[in-house]
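From first to last, the protein sequence lines stand for chains A and C.
Residue numbers are given in the numbering used here: position 417 of the first sequence equals residue 636, and the series is strictly consecutive.
Residue numbers are given in the numbering used here: position 197 of the second sequence equals residue 416, and the series is strictly consecutive.
Heads up, the thing below is written out as structure tokens.
2 protein chains.
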Amino acid sequence: MSTAAAVINRRDIEFLLREWLSIDVLLKRPRFENHTPEGIDAILTLAQDIAERELVPILRTSDIEEPSIDAEGRVKVLPAVADAVRLLAEAGLFASVFDERVGGVQLPHLVHMTVLGILMSATIATPSFLLLTVGNARLIVTFGNPAQVAAFAEPQIGGQALGTMCLSESQAGSSLGDIHTRAVQDGEDPLGKRYRITGHKMWISGGDHDVTANIIHLVLAKAADPLGRIVRGTKGISLFIVPKVLPDGTRNDIRTIALNHKMGYRGIPNCALNFGDGHHSPSGRAGAIGWLVGEEGQGLPQMFQMMNEARISVGMGATMLAYRGYLLALDYARNRLQGRPTGVKSGAPVAIIEHPDVKRMLLSQKTYAEGALSLVLYSARLLDEQHTAPTASERQLAEELLALLTPMTKSWPAEWAQVSLDLAIQIHGGAGYTRDFAVEQLYRDNRLNSIHEGTTGIQAIDLVSRKVRRDGGQAFRQLQTRVRATCFKASSRVALKRSQTAVEEAWVLLDAAVAVLLAEADEARALSNASAFLNACGHAVVGWLWLDQALVCDRALENRLNESERSFRDGKLRACRHFAETELPRIKLWLDLATSMSDVAAAMPVEQF
Amino acid sequence: MSTAAAVINRRDIEFLLREWLSIDVLLKRPRFENHTPEGIDAILTLAQDIAERELVPILRTSDIEEPSIDAEGRVKVLPAVADAVRLLAEAGLFASVFDERVGGVQLPHLVHMTVLGILMSATIATPSFLLLTVGNARLIVTFGNPAQVAAFAEPQIGGQALGTMCLSESQAGSSLGDIHTRAVQDGEDPLGKRYRITGHKMWISGGDHDVTANIIHLVLAKAADPLGRIVRGTKGISLFIVPKVLPDGTRNDIRTIALNHKMGYRGIPNCALNFGDGHHSPSGRAGAIGWLVGEEGQGLPQMFQMMNEARISVGMGATMLAYRGYLLALDYARNRLQGRPTGVKSGAPVAIIEHPDVKRMLLSQKTYAEGALSLVLYSARLLDEQHTAPTASERQLAEELLALLTPMTKSWPAEWAQVSLDLAIQIHGGAGYTRDFAVEQLYRDNRLNSIHEGTTGIQAIDLVSRKVRRDGGQAFRQLQTRVRATCFKASSRVALKRSQTAVEEAWVLLDAAVAVLLAEADEARALSNASAFLNACGHAVVGWLWLDQALVCDRALENRLNESERSFRDGKLRACRHFAETELPRIKLWLDLATSMSDVAAAMPVEQF
């Protein structure tokens, strides 16, 4: 396999974090007082070092040698995968965002997300252990009692145990109100209210493995009252901590019954788990022991905290597959000789990067990959604002903006990384279709990102229904204020004129479309082409972020810069213009559809298919 | 793996061949006088039977157990693959389109292509042996001498030997003028001018295997004169027949040095071959023996006949992957229960086909799959016209239209099948990402179709440069005449009004864009956004074909029809309207770009990426 190209362009990260997202301002806040810009650089260098030395080599091997399950239901991962996860733990990367009081190091989410991205660029699946474990521990830290934090969160923060989120069941994927898993109260102990959990969970990433001795499952289940009655729908869902190994060292009643064999993303096992099927007998009888987190019936809102962060992380994973695919295609295009410029019949072949169609594909890749990265890091920055901004109103604004952006941050990178990786394969030609090059795997790996943590269709419903209509467009207007500020600043700059006009036009259309969606009384009609609206929003937001970055670059170009600095910034300006020219015009088409309330598809009788 | 769903909707085929493409008119021509509509039905039933009984089972097994090569360079395929190919030969399917004088059965290309499609719907790779062999034999029949036809074409027509096309080399993929393979004259014998061939060929599908004893390679090489001089560029290319086993039963000097490991399409080996490296010594010395086809320097124009037919077949393969993916997603969506309609909180879950977003995805799949099928079959019908239309002018018109449509027939199905299969996976959710369901494999299999037989970028250059600009837009105007005729007929029908308007508008834009491209003196500028022009043309053509089919359906709906017939036709009308509403608007965007001559991408300095 080609091992060319780094996993990240550090110059780009430097630009995004320092120049564009003002990380130095963030680092001056009390929470981050132990960190310096130089310290952050060192952490990113450490992550890049681990990524390039330890993770790049397992990209392909973990694809070929999938996790396996033996006759006793024990799951094994590739030893190199287990070693890599342990290395991440030793490097302290599980502790990044946590409070010092629970063993954390209080880094900004912006830095944690960048680290995660650098790791995922090397191989997406294995760092997912980190993603899941951090999300799990954060949920326990936020909603659990002190004993639960000490027993179940801190070992994860230290990287001695890994975590999962157990939501889906075979019959309940996107529809969690239909879960069958049941919890029956079983007394109380220092860890809280104890329950016996019975049920089947599906699609559990990291659900079992031999990396760590213990695995902390966070399980959604319905608590039954003494008469066995449950609350219907999502309101009956509660959240339980269900460890693989109980505090007394005995095995909990959890069994892996199968592994799912995926088309990619194979560096982490994906399991079907049985809880409480009697395979083990903790405290002498069947039933998995779990402890309630918070109150009964609060499972879904609690889990949403984890899901929302997980959604940003999924966006980051998709972004970095696109990013790596871009770096690999760029490297290939610079080195592969083939053909000559139009009209030239003889002489030596040129590098294919000289061909206009290859340049077009590379530039599109750049706009998708770097555009997605700006979206995800902007969201991560908002997460920091939500938690550390000086005033309550700033914190609330950040929370509202982040809630609005989350469906886009999750789905835009997932969808457009696939388009971008398709181009990466195309640039490689026949070579890209072979397993001798990494791009075909990146393409397979990324295909999951539009599905897990809420499909793109689910994100579209979330955006229209919960994020735009529920607050009457308030968060949308806040976002629009930021877009207008960027456009205003860009309007006086010649090099940005076209892009600024295109972004402004897109947002005028989007504003009108939001008004139509808000005015629609019938929820089902408003949702009839929700996915087109999501597409339009994602493009409009990324277009704005491109313009906002171009503004920073254009200003810097007024200074004396060396060749490489000038090229870097000119490249960003050109990518911004390419996005404005080739991508932003799509917005009108999507919005026309979203606001037409067309029922050509929605009203199609089943028998006409 | 899910084995649900047939490989084809025969009602659809019946509609396309009989009602839409008037196969009965074709069958009345002298060449096809031995065939009846009932006979054609029987052939299609035979193909479907082979596809569903013999080919469906090897879809997954041939993906898992790739072809292998042993230490002696012998290539083995899965025994079931070899058996299936032999079954196709026994069924006479290699003989379909050939003249009776060479052992053929004189079926229309339209029927042959439909048969190929039905087989490819079950599994694309294995029927590619058929595709390649028929193309190879047709080339020898067309350009070879009688002795070559008897020795090398007839065994392929009988299915006793299989054929390949050996064009690419590691350093010369899309740029055939740069091939290094050399041919040196070596006397003459009853089979023609004999040469010794030396060189390396890459990406050779079916390049070696254990299905048949002999393999007939058609090899592009440059003939050197006695002083070793060759003609530069593509004009120096000649075509040679180079059999694996020579007529005297000895091994020719051909060696398989490696197999390519692809991300899909694994039911046929893809080889790197050495010719004349001295591994064998035919007639006592190194050098592969080959016989010249036609004249020296005619290799590329001759090969183009095979490539053009192969391009239609590639379009058919992509189409059928999309088609099967649609049938599988439809079946899954009808049976998978999940969620409830918007606003409904309780009661039993519904089949996911009831959800608007799933309907949208299924309807898009239908428009892509059935739209692609209409394009490919329309092209196959033109191939029959080219060869059998009553007058010379009709035959020439068909040839010109087919030449114009070929880049679209090759690339439109390839590109949009991938979009369609992406939706098929999405409808399956997490299940679609596992290898327990076929859609992930179809998605991997199809990814090759935008690459082989000329990448989409190459097709775009072919369309703009050779097919539109070279004849001053003449063929385009002929096509436009047909489009106008359809629009005129549709204009009086209420149910088609919107679609007709959308198609008409699209063609007005296309007409203007063609004028811009024709007026551009600078070839490089005209080509600067060729791929956007190809996209636009493909959509405009498929939109027209949808309208043309909808016209037939709408007329039929005036008659008394049973429920299922009515649904079939209403479904086509709805698909036409969905295509007009969601797909045709894209054309303006592509044409704006294609005619802007924008050089944002093309002029990007390499160091700015």
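Using N, Cα and C, we set each Cβ at its ideal position, and we do this for glycine too.
As the structure is a computational prediction, the values presented were derived from the model and not from experiment.
Answer yes or no: the CB of residue i versus the heavy atoms of the ligand HEM, is any distance below 7 Å?
| i | result |
| --- | --- |
| G534(C) | By its list of ligands, the structure shown contains no ligand whatsoever, and the ligand HEM lies outside what it can speak to. |
If contacts are defined as beta-carbon pairs under 8 Å, then residue i and residue j qualify, I think. What distance do you get, rounded to the angstrom?
| i | j | result |
| --- | --- | --- |
| C706(A) | E724(A) | At roughly 10 Å, the Cβ-Cβ gap does not stay under 8 Å, so C706(A) and E724(A) are not in contact. |
| A440(C) | I398(C) | 7 Å |
| N471(A) | A507(A) | 5 Å |
| A636(A) | A541(A) | 4 Å |
| Y652(C) | K247(A) | With a Cβ gap of about 44 Å, Y652(C) and K247(A) do not count as contacting. |
| T345(A) | V300(A) | 5 Å |
| V569(C) | R559(C) | 6 Å |
| N668(C) | A633(C) | 4 Å |
| W726(A) | Q693(A) | Not quite, the Cβ-Cβ distance comes to about 16 Å (not below 8 Å), so this is no contact. |
How would you list, in chain order, the residues of chain C whose beta-carbon sits under 8 Å from the beta-carbon of residue i?
| i | result |
| --- | --- |
| V360(A) | Those do not exist, as V360(A) stays about 29 Å from chain C at its closest Cβ, beyond 8 Å. |
List, in chain order, every chain A residue whose beta-carbon is nearer than 7 Å to that of residue i.
| i | result |
| --- | --- |
| K481(C) | Y652 and T653 |
| T674(C) | Q645 and G648 |
| G562(C) | E742 and A743 |
| I262(C) | In chain order: nothing, as chain A lies at least about 28 Å away. |
Is the Cβ-Cβ distance between residue i and residue j less than 8 Å?
| i | j | result |
| --- | --- | --- |
| A341(A) | V430(A) | no |
| V702(C) | W763(C) | yes |
| W510(A) | I460(A) | yes |
| I487(A) | G425(A) | yes |
| Q768(C) | C795(C) | yes |
| G354(C) | M384(C) | yes |
| A619(C) | Q697(C) | For clarity, residue 619(C) is Glu in the given sequence; the question names Ala instead. The answer is yes: Cβ separation under 8 Å. |
| A410(A) | A380(A) | For the record, residue 410(A) in the displayed sequence is Leu; it is not Ala. The answer is no: Cβ separation not under 8 Å. |
| G323(A) | V316(A) | yes |
| A755(A) | L810(A) | yes |
| R530(A) | H498(A) | no |
| V403(A) | R415(A) | yes |
| R793(C) | A745(C) | no |
Residue i versus chain A: which residues are under 9 Å apart at the beta carbon?
| i | result |
| --- | --- |
| P568(C) | Q390, A391, S394 and D397 |
| S578(C) | Note on identity: in this sequence residue 578(C) is Lys, with Ser being the wrong assignment. Neighbours of K578(C) on chain A, chain order: A820, A821, A822, M823, V825 and F828. |
If the cut is a Cβ gap below 7 Å, which residues of chain C does residue i touch?
| i | result |
| --- | --- |
| G762(A) | What G762(A) touches in chain C: nothing, since even the nearest Cβ is about 15 Å away. |
| Q185(A) | With chain A covering 220 to 828 only, the question about residue 185(A) has no answer from this structure. |
| R689(A) | Those within 7 Å of R689(A) in chain C number zero; the least Cβ separation is about 14 Å. |
| L667(A) | Y652 |
| I227(A) | Those do not exist, as I227(A) stays about 15 Å from chain C at its closest Cβ, beyond 7 Å. |
| Q557(A) | G392, S393 and S394 |
| E659(A) | M482 |
| P488(A) | Neighbours of P488(A) on chain C: none; closest Cβ ~13 Å, over 7 Å. |
Since residue i meets chain A, which of its residues come closer than 8 Å, beta carbon to beta carbon?
| i | result |
| --- | --- |
| S565(C) | R451 and G452 |
* To do: Return the chain-ordered ranges of every alpha helix (DSSP H) run that is complete within the region 345-372 of chain C and spans a minimum of 4 residues.
  => With a minimum length of 4 residues, the continuous alpha helix (DSSP H) runs that stay inside the region 345-372 of chain C are 347-362.
* Residue ranges of each alpha helix (DSSP H) run of no fewer than 4 residues wholly in the region 669-730 of chain C, ordered along the chain? -> If we require 4 residues or more, the alpha helix (DSSP H) runs fully inside the region 669-730 of chain C come out as 675-680 and 693-709.
* Asked: Mind listing which residues of the region 802-820 of chain C have their C-beta closer than 9 Å to chain A's C-betas, in chain order?
  -> Taking 9 Å as the Cβ-Cβ cut-off against chain A, the residues of the region 802-820 of chain C that qualify are P804, R805, K807, L808, D811, L812, S815, S817, D818, V819 and A820.
* Report the residues of the region 449-465 of chain C with a CB closer than 8 Å to any CB of chain A, ordered along the chain. => Flagged, chain order: R451 and G452.
* What are the residues of the region 378-408 of chain A that lie near chain C, defined by any Cβ-Cβ distance shorter than 9 Å? -> Per Cβ criterion, the list reads S387, Q390, A391, G392, S393, S394, G396 and D397.
* What are the residues of the region 691-721 of chain C that lie near chain A, defined by any Cβ-Cβ distance shorter than 8 Å? -> Residues passing the 8 Å Cβ filter: none.
* **Where the region 737-750 of chain C meets chain A: residues whose CB sits under 8 Å from a CB there** => Within the region 737-750 of chain C, contact with chain A at the beta-carbon level (separation under 8 Å) is assigned to E742, A743, L746, S747, N748, A749 and S750.
* **Contacting positions in the region 522-553 of chain A - beta carbon closer than 9 Å to chain C** => Within the region 522-553 of chain A, the qualifying residues are Y545, L549, A552 and R553.
* Asked: According to a CB-to-CB cut-off of less than 9 Å, which residues of the region 268-286 of chain C neighbour chain A?
  -> Under the 9 Å Cβ criterion, the region 268-286 of chain C contributes no residue.
* Between the region 637-650 of chain C and chain A, which residues of the former have a C-beta closer than 8 Å to a C-beta of the latter? -> Cβ contacts with chain A come from Q637, D641, I644, Q645, G648 and G649.
* Name the residues in the region 415-430 of chain A whose C-beta lies less than 7 Å from a C-beta of chain C; which are they? -> W422: these are the residues of the region 415-430 of chain A whose beta carbon lies less than 7 Å from some beta carbon of chain C, given in chain order.
* **Positions along the region 578-598 of chain C whose CB lies within less than 7 Å of some CB in chain A** => The residues in question are K578, R579, L581, L582 and K585.
* To do: Would you mind listing the beta strand (DSSP E) stretches within the region 401-475 of chain A that are 3+ residues and don't spill past its ends, in chain order?
  => Listed in chain order, they are 401-408, 411-424, 433-443 and 456-462.
* To do: Could you run through the region 774-797 of chain C and flag, in chain order, every residue whose CB is less than 7 Å away from some CB of chain A?
  => Hits within the stretch, in order: S786, D789, G790, R793, R796 and H797.
* Asked: For the region 318-336 of chain C, which residues have a beta carbon sitting closer than 7 Å to at least one beta carbon of chain A?
  -> Listed in chain order, the positions of the region 318-336 of chain C with a beta carbon within less than 7 Å of a beta carbon of chain A would be empty, since no residue qualifies.
* Hey, which unbroken runs of the alpha helix (DSSP H) at 4 residues or more fall wholly within the region 735-823 of chain C? -> Listed in chain order, the alpha helix (DSSP H) elements of length 4 or more contained wholly in the region 735-823 of chain C are 742-745, 749-775, 782-797 and 805-815.
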